[in-house]
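Participant:
Protein chains in written order, with this note's numbering: chain E, 1 to 309; chain H, 310 to 718.
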């Protein structure tokens, strides 16, 4: 039996999730040149926000009907935390040296993890997340779980909406202007503070959607889930070209597929059986990252790096 | 220039905080007295935060229960036991720092823990140098007591201060192989581990014994225990025709691994060691039915000796369950209490001035009927109780299938 379609589908699903989270890294970086290392935790609180709705809904409530509510709650929680973080942790440091907000972000990430661990009921253990009943669906020779369809539908829709927002709306164009030159944008009458908050909020909303996808896929959410996913998403953002929203999604998908194929096939190459499999997939993914950055330092779709950093 | 001043400030702050921590560690001379009673502290080291905290909190509470029971019964006259629990976050480096904290507190005469074999590796030497007794309720890594030579039959005791109430991976892996091959009649197994000391050791022991029985390992892989998406690995298992998946590791990763295995259309059981024998496993895994685990000792619920423990634990009103290592922790703590009792009795009813040495010397003589059976330690510091139980998930809960001692090949 040919497992290639299966591995590609696995990679695509995982990659779409990375991509959704990577949007948050890339937007914030594009506008304030801050690597928001707490973004993984924004993703995590979104998962808990969605879970909370599910837990307060009456028993027997259909999952399909609950999903919009869960997304809404996840988005509200994530956006609230992200904008609060922007207001109280990052804004006071906006003129400080780069290192200060970076360290703040790492500190914030630890604070958020421990806060959920401590105060969310029973969150010391991984929490069960609802999943769709029923078996997988066969798509072009690959088994796709019902929960995974969510991310396959949500990711392109989100990208479409974001693309339209950035190019067609006033705020979106203001965002582009702020990314190009915040001082001039301000002189042109753009409220850059508002634009920055908006960048954090959009990134957080996407992270919350990714968190719902994560929960539906893996059947659990835990206070630590943001760390590894955040790291991978950050990698995806760099791979795709940090600052570029389409690059983030592309980077995520490339990373996901690369991981999946590395797990599935590297071990089968004669002489490479020691370097294949699940343990080495991250090594191969990062080797790919280095390779891409060697030939395209700006990332797959990145542009204009020289005037920054 | 700006960058340089930041580095300078950071360095100064770091140096300052290090100095403060050094001042902070108390160094009390001798055993402090509490009225007419001497306080003996039993240290507890376990992951109290992180994804293994369910097991860790069960360890902390069970040790606490043992100390409280001893105090209530006045089991050792003139001694008040106190528990000091530290969180190792399941990380070896943190465990080592905790070991130093216990060593610097002169009231600590014994330490219970840790949960992870990898953490224990970093704690054994400092404890050995300080002559402080350590009893782990959960470490199953064979080399912790017998050294790397155990595979070739050259077992050498590693640290005179290390004891455990849990049995070794060697015995656990052999038991799992025996059960799977001879009772469940499964001949082809795919092997996965999480590369940690515990998981890799267990998987290696299973592999040795399973092939010795005549079984076939049709493939193997390693995973990252922080991952939750194993679909790529699962897709690989399909083509090997494995009849079961043996996983060396713990439940947070095992639960999604098992579920994704079954989601992919492969209706084969996942089997693991005591690391997946947690009530959390079937909760996190909606397709856990049929999965197997081995654990040390007889099921706590079936033993008469354990009934009091369960009753007392419930009566004490702890927030968290006693989990997989509750009974073994109680016994580990009680072994230290028993050793303190022997030391005190051998010193005219007073805690000896060199309490740590007296407790360590007494450990070899400790023998009592504990929660999990008769507790005593062999020449390596391993428990003499080799009984294991295989459990199967039925109706989303673990149910005991078979208890016995493994046939060693």
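Even for Gly, the Cβ is constructed at its ideal location relative to N, Cα and C.
What does DSSP give as the partner residues of residue 709 of chain H in its beta bridges?
Facilitator: Looking up residue 709 of chain H in the second chain gives position 400. Beta-bridge pairing links residue 709 of chain H to H/700.
Participant: So, at 6 Å on beta carbons, what are the nonlocal neighbours of residue 428 of chain H in its own chain, with the 5 sequence-adjacent residues on each side left out?
Facilitator: Within the second chain, residue 428 of chain H is the residue found at index 119, counting from 1. 397, 401, 404.
Participant: Taking residue 496 of chain H as the reference, which of H/660, H/478, H/513, H/528 has the closest Cα?
Facilitator: By 1-based counting over the second chain, the position of residue 496 of chain H is 187. Minimum Cα distance to residue 496 of chain H is reached at H/528.
Participant: Note the first and the last residue of the continuous alpha helix (DSSP H) segment covering residue 695 of chain H.
Facilitator: Mapped onto the second chain, residue 695 of chain H falls at position 386. Counting along the chain, residue 695 of chain H falls outside any alpha helix (DSSP H), and DSSP gives it neither H nor E.
Participant: Could you give the uninterrupted runs of the beta strand (DSSP E) lying entirely in the region 86-172 of chain E, keeping only those of 3 residues or more?
Facilitator: The region 86-172 of chain E contains these whole beta strand (DSSP E) runs: 137-139, 142-144.
Participant: Where does residue 219 of chain E sit, in a helix, a strand or coil, going by DSSP?
Facilitator: For the purposes of this step, residue 219 of chain E is identified with residue 219 of the first chain, where counting begins at 1. Reduced to three states, the DSSP call for residue 219 of chain E is coil.
Participant: Check the Cβ-Cβ distances between residue 145 of chain E and every residue of chain H, and say whether any is below 8 Å.
Facilitator: Here residue 145 of chain E corresponds to residue number 145 of the first chain, with the count starting at 1. True, the Cβ-Cβ gap to chain H drops below 8 Å.
Participant: Give me the Cα-Cα distance between residue 619 of chain H and residue 370 of chain H, rounded to the nearest whole angstrom.
Facilitator: Position 310 of the second chain holds residue 619 of chain H. Position 61 of the second chain holds residue 370 of chain H. Near 12 Å, if we compare the C-alpha coordinates of residue 370 of chain H and residue 619 of chain H.
Participant: To the nearest angstrom, how far is it from the Cα of residue 262 of chain H to the Cα of residue 523 of chain H?
Facilitator: The structure shown does not extend to residue 262 of chain H, since chain H spans only 310 to 718, so no value can be given for it.
Participant: On a CA-only basis, which of H/493, H/550, H/451 is nearest residue 507 of chain H? Give me that one, please.
Facilitator: Numbered from its first residue, the second chain carries residue 507 of chain H at position 198. That would be H/451, whose Cα lies nearest to the Cα of residue 507 of chain H.
Participant: Give a yes or no on whether 8 Å exceeds the smallest Cβ distance from residue 117 of chain E to chain H.
Facilitator: For the purposes of this step, residue 117 of chain E is taken as the residue at position 117 of the first chain. For residue 117 of chain E, the answer is yes, since a Cβ of chain H falls inside 8 Å of its Cβ.
Participant: Can you tell me the Cα-Cα spacing of residue 153 of chain E and residue 704 of chain H, whole angstroms?
Facilitator: Locating residue 153 of chain E in the first chain gives position 153, counting from the first residue. Locating residue 704 of chain H in the second chain gives position 395, counting from the first residue. Residue 153 of chain E and residue 704 of chain H: Cα-Cα distance of roughly 34 Å.
Participant: DSSP state of residue 476 of chain H, grouped into three classes?
Facilitator: In the second chain, counting from the first residue as 1, residue 476 of chain H sits at position 167. Residue 476 of chain H falls in the coil class under three-state DSSP.
Participant: I'd like the span of the beta strand (DSSP E) that includes residue 497 of chain H, first residue to last.
Facilitator: The residue you call residue 497 of chain H lines up with position 188 of the second chain. Unbroken beta strand (DSSP E) run through residue 497 of chain H: 497-502.
Participant: Taking only runs that begin and end inside the region 509-569 of chain H, name each unbroken beta strand (DSSP E) of 3 or more residues, in chain order.
Facilitator: The region 509-569 of chain H contains these whole beta strand (DSSP E) runs: 525-531, 553-557.
Participant: Contact criterion: CB-CB distance below 8 Å. Does residue 171 of chain E meet it with respect to chain H?
Facilitator: One-based indexing of the first chain puts residue 171 of chain E at position 171. It does not; no Cβ of chain H falls within 8 Å.
Participant: Between the region 19-31 of chain E and the region 146-163 of chain E, do at least 3 Cβ pairs fall closer than 8 Å?
Facilitator: Verdict: yes, contact present.
Participant: Does the region 286-304 of chain E touch the region 242-262 of chain E, meaning 3 or more C-beta pairs lie closer than 8 Å?
Facilitator: The answer is yes - the region 286-304 of chain E touches the region 242-262 of chain E, with three or more Cβ pairs under 8 Å.
Participant: Using a Cβ cut-off of 8 Å (strictly closer), state whether residue 678 of chain H contacts chain E.
Facilitator: For the purposes of this step, residue 678 of chain H is taken as the residue at position 369 of the second chain. Chain E contact via Cβ: absent.
Participant: What separation, rounded to the nearest whole angstrom, lies between the Cα atoms of residue 366 of chain H and residue 645 of chain H?
Facilitator: For this step, residue 366 of chain H is matched to residue 57 along the second chain. For this step, residue 645 of chain H is matched to residue 336 along the second chain. Looking at the two C-alpha atoms, the distance is approximately 19 Å.
Participant: My assumption, with CB atoms under 8 Å, is that residue 124 of chain E sits in contact with residue 362 of chain H. Please give the rounded CB distance.
Facilitator: Mapped onto the first chain, residue 124 of chain E falls at position 124. Mapped onto the second chain, residue 362 of chain H falls at position 53. Right, the Cβ-Cβ distance comes to about 5 Å (below 8 Å), so this counts as a contact.
Participant: In chain E, which residues lie less than 9 Å from residue 362 of chain H when you measure between Cβ atoms?
Facilitator: Here residue 362 of chain H corresponds to residue number 53 of the second chain, with the count starting at 1. What residue 362 of chain H touches in chain E: 117, 124, 125.
Participant: For chain H, is any of its Cβ atoms less than 8 Å away from the one on residue 59 of chain E?
Facilitator: Residue numbering aside, residue 59 of chain E sits at position 59 when the first chain is read from its first letter. Residue 59 of chain E does not count as touching chain H.
Participant: For residue 101 of chain E, return the contacting residues in chain H, with the cut-off set at a CB-CB distance below 8 Å.
Facilitator: Numbered from 1 along the first chain, position 101 holds the residue referred to as residue 101 of chain E. Near residue 101 of chain E there are no residues of chain H at all, since even the closest Cβ is about 12 Å away, more than 8 Å.
Participant: At what residues does the alpha helix (DSSP H) containing residue 31 of chain E begin and finish?
Facilitator: For the purposes of this step, residue 31 of chain E is taken as the residue at position 31 of the first chain. Here the alpha helix (DSSP H) through residue 31 of chain E covers 4-32.
Participant: So residue 555 of chain H and residue 585 of chain H are in contact, right, with Cβ under 8 Å, and what is the actual spacing, rounded?
Facilitator: For this step, residue 555 of chain H is matched to residue 246 along the second chain. For this step, residue 585 of chain H is matched to residue 276 along the second chain. Rounded, the Cβ-Cβ distance is 11 Å, inconsistent with contact.
Participant: Residue 10 of chain E and residue 533 of chain H: beta carbons closer than 8 Å?
Facilitator: Against the first chain, residue 10 of chain E aligns to sequence position 10. Against the second chain, residue 533 of chain H aligns to sequence position 224. No. Outside cutoff.
Participant: Just checking: is the beta-carbon of residue 338 of chain H within a distance shorter than 8 Å of some beta-carbon in chain E?
Facilitator: Looking up residue 338 of chain H in the second chain gives position 29. With a pLDDT of 41 at residue 338 of chain H, under the threshold of 50, the modelled position of this residue cannot be trusted; read the value that follows with caution. Judged by the 8 Å Cβ criterion, residue 338 of chain H is not in contact with chain E.
Participant: How is residue 396 of chain H classed by DSSP in three states: helix, strand or coil?
Facilitator: Against the second chain, residue 396 of chain H aligns to sequence position 87. Strand at residue 396 of chain H.
Participant: Establish whether the CB of residue 544 of chain H and some CB of chain E are separated by less than 8 Å.
Facilitator: Counting from one through the second chain, the residue named residue 544 of chain H turns up at place 235. Yes, residue 544 of chain H lies at the interface with chain E (some Cβ there is under 8 Å from its Cβ).
Participant: Quick check: is the beta carbon of residue 427 of chain H nearer than 8 Å to any beta carbon in chain E?
Facilitator: Working through the second chain from its first residue, we reach residue 427 of chain H at position 118. Output row for residue 427 of chain H: interface = no.
Participant: Assess, as a yes-or-no matter, whether the region 505-520 of chain H is touched by the region 439-455 of chain H under the definition of 3 or more beta carbon pairs within less than 8 Å.
Facilitator: In short, these stretches touch, since the Cβ pair count reaches three.
Participant: Taking 8 Å as the threshold (beta carbon to beta carbon), is residue 531 of chain H in contact with chain E?
Facilitator: Taking the second chain and counting its residues from 1, the one referred to as residue 531 of chain H is at position 222. Yes, contact with chain E.
Participant: So residue 136 of chain E and residue 145 of chain E are supposed to be a Cβ contact under 8 Å. How far apart are they, rounded?
Facilitator: Working through the first chain from its first residue, we reach residue 136 of chain E at position 136. Working through the first chain from its first residue, we reach residue 145 of chain E at position 145. That belief holds up - the Cβ atoms of residue 136 of chain E and residue 145 of chain E are roughly 5 Å apart, short of 8 Å.
Participant: Using a Cβ-Cβ distance cut-off of 8 Å, determine whether residue 78 of chain E contacts chain A.
Facilitator: Looking at the structure shown, chain A is missing, and the protein chains on hand are E and H.
Participant: Among the residues of its own chain, which have a CB less than 8 Å from the CB of residue 128 of chain E, if the five just before and after it don't count?
Facilitator: Along the first chain, one-based indexing puts residue 128 of chain E at 128. Here the set comprises 219, 220.
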